[in-house]
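To start, the structure itself, in structure tokens.
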Amino acid sequence: MEGRHSSPKHSAAPVRRPASNTTGAPEQRPVRANSEDEYRVRHETRVKIKADQEAENTDRAVQIRKPVKNRGDSVFRQVILDIVMTGVILVIFAFFHHVLPRITEKNTVIRPVSTVNVTQPATQTPEVTSKLPVTSDAPADPVETEPVPAVIDNRTEWQKKFADKFSDEIVITDNSYSSPNVSVTIDTFSGTYNGFYQTYYVADIYVAGIENFKTYFANNQYTYYGAQDAEAMARNSGAIISMNGDYCNNQKSGILVRNGEVYYDDPMEFDLCVLYYDGTVETYSPSEYVPADVIAAGAYQTWKFGPKLLDSNGKAMTSFNTTYVVEKEEAPRSGFGYYEPGHYCFVVADGRQNHARGMVLTEFAQLFEDLGCVRAYNMDGGASSVLTFNGSKYNIPSGYRELGEILLITETTDIDG
Amino acid sequence: MKFMEFLSHLAICMALAFIVITILNGFNPLMAFLTSNTTKVFIFIFCTVVIVSSVGAIVRGRK
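Below, the structure written as structure tokens:
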């Protein structure tokens, strides 16, 4: 190129521009340059014009895109506003659903509407209270209870049946308690269960009479949203062993019978567990019972958390009357098991901790089947899962939570709080 | 028009809130998240909002 422009043949010829080119626009067709400088000028002009055009195109593109960007900002702002408004709605809901009832109705005491009449004497425990020489005052500490001498002639059927479990005087160890009326042995399992690391506690319980099996509300009265420390409740009630119950304090419906007193007798959508005065335990699906019939049959205690864990043959159930999350969640669990009248078990599984993963419901049901129970019922879980022995926590709960009520085994037949 | 637009957004927000409440109910059905009186009031409000905003949208579409 350079050689061509520097040719002496064209060096003297002037540059001829077409007459029509009056606008000063760049020359489109090739023009012979008479010198290197002219060519450089034209080349630079061409480059400059091209750069200007590109810049102009870029500006136009930016102008076209600008409205799109603004529209995106507006949508994003609106989405954020909607999320904030959703949060506000949830806060309002939580206030009316959760906070306000606790403020306005916390101290409202709910009285029992009736008492269960046991027309037919229990076949397994005939007149236990009149025969057993038990202490009438609820002791603050069961350890200090005076030994109760066994009266052979007045032994209940359960005392005769489980004679090898009871002792003539109170014997307490780190994990067991025995007396003429109560036998409790707690076994702790810590290891691999179903392939996962678990820690659970099985309290094997024998009682001489159904009156040794009690429930106790927080502060010894049934109040809406009432709650109390688990250990305080165990000590106040004179419990030898206790386990959390079914979180019945937040409901005003369903069937609720405690220590033979009826609070509610409405149908409900949850499985029901009934401990009858004769010591038998039955678990029902919602369609399998009528509240009035259950009460008339001599219900001593009812629980309404669930679900039931074993079928009528004592086999672990595989589908449950509860939500997917409750069924599949690996959580601390509490459950009540029944072998035969007078023989029960409390089972508490730790969870959500390094020493225990927690159990899904199928695993928990399988555990009761492995223990040999014929009926089993799931109680409240999570941080509520607390087992106490002699007034102190025996398991390691996943957190601290006050309880509304407890199941307990006691020497006394009357709980005054 | 602004009011109708607000109702549409309110319907979206209440629907999102009910999704959250349904998930919470799965964790503890005994809390009665979906069956309490408070929930019933919220459901009533939600239905009203949806009906009003939908009717408004239909009327606008016919004009």
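Order-wise, the sequence lines are chains A and B.
Taking my numbering as reference, the numbering of the first sequence is continuous, increasing by one, and the terminal residue is 527.
Taking my numbering as reference, the numbering of the second sequence is continuous, increasing by one, and the terminal residue is 645.
From the three backbone atoms N, C-alpha and C, an ideal C-beta is built for every residue, glycine too.
- Look at the segment 627-643 of chain B: it has no residue with a C-beta under 7 Å from a C-beta of chain A.
- Shown here, residue 465(A) sits in coil according to DSSP, grouped into three states, outside any helix or strand.
- Among the residues facing chain B, residue 357(A) is included, as its CB has a counterpart in that chain under 7 Å away.
- A straight line joining the alpha-carbon of residue 154(A) with that of residue 165(A) spans about 16 Å.
- The Cβ atoms of residue 595(B) and residue 199(A) sit closer than 7 Å to each other.
- Just measuring C-alpha positions, the residue of 460(A), 508(A) and 490(A) sitting nearest residue 310(A) is 460(A).
- With respect to the C-alpha of residue 215(A), the residue from 332(A), 352(A), 274(A) and 225(A) having the closest C-alpha is 332(A).
- Shown here, residue 366(A) sits in a strand according to DSSP, grouped into three states.
- As DSSP reads the structure, residue 499(A) sits in a beta bridge with 351(A) and 502(A).
- In this structure, 381(A) is the residue among 289(A), 381(A) and 522(A) with its C-alpha nearest to the C-alpha of residue 421(A).
- Close partners of residue 609(B) in chain A (Cβ separation under 8 Å): 433, 435, 436 and 439.
- Contact between residue 337(A) and residue 518(A) is absent: CB atoms are separated by about 16 Å, not below the 8 Å threshold.
- The residue from 377(A), 319(A), 363(A) and 415(A) with its alpha-carbon nearest to that of residue 398(A) is 377(A).
- Rounded to the nearest whole angstrom, the CA to CA distance from residue 479(A) to residue 189(A) is 51 Å.
- About 28 Å separates the Cβ atoms of residue 423(A) and residue 612(B), ruling out a contact at the 8 Å cut-off.
- DSSP assignment within the segment 429-456 of chain A yields the following whole beta strand (DSSP E) runs of 3 residues or more, N-terminal first: 443-450.
- No Cβ of chain B is located within less than 7 Å of the beta carbon of residue 516(A).
- Interface flag for residue 625(B) against chain A is unset, since no Cβ pair is found closer than 7 Å.
- With at least 16 other beta carbons inside 10 angstroms of its own, residue 296(A) counts as buried.
- Taking a beta-carbon distance threshold of 7 Å, residue 604(B) does not count as an interface residue toward chain A.
- With contacts defined by Cβ atoms closer than 7 Å, residue 497(A) and residue 488(A) do not form a contacting pair.
- Here the alpha carbons of residue 202(A) and residue 625(B) stand approximately 14 Å from one another.
- Per the coordinates, the alpha-carbon of residue 195(A) lies some 33 Å from the alpha-carbon of residue 379(A).
- Looking at the DSSP output, residue 488(A) sits in a beta bridge with 445(A).
- Chain-ordered, the chain B residues with CB closer than 8 Å to the CB of residue 192(A) read 591, 594, 595 and 598.
- Residue 199(A) belongs to the set of residues whose beta carbon lies under 7 Å from a beta carbon in chain B.
- Note that the segment 451-466 of chain A touches the segment 262-281 of chain A; at least 3 beta-carbon pairs, one per stretch, sit closer than 8 Å.
- Look at the segment 369-419 of chain A and you find these whole runs of beta strand (DSSP E), each 3 residues long or longer: 371-375, 382-386, 391-394 and 409-413.
- A check of alpha carbon separations from residue 414(A) across 362(A), 342(A), 508(A) and 345(A) identifies 362(A) as the nearest.
- The CB of residue 613(B) comes closer than 9 Å to the CB of 207, 208, 357 and 360 in chain A, given here in chain order.
- The C-alpha of residue 434(A) lies about 23 Å from the C-alpha of residue 208(A).
- Residue 469(A) is outside the set of residues whose beta carbon lies under 7 Å from a beta carbon in chain B.
- DSSP places residue 521(A) in the coil class of the three-state scheme, outside both helix and strand.
- Counting every other CB atom within 10 Å of its CB across the protein chains shown gives residue 639(B) a total below 16, marking it as exposed.
- Neighbours of residue 196(A) in chain B, taken as residues at a C-beta separation under 7 Å, are given in chain order as 595, 598 and 599.
- Contact between residue 408(A) and residue 228(A) holds, since their C-beta atoms are separated by about 5 Å, short of 8 Å.
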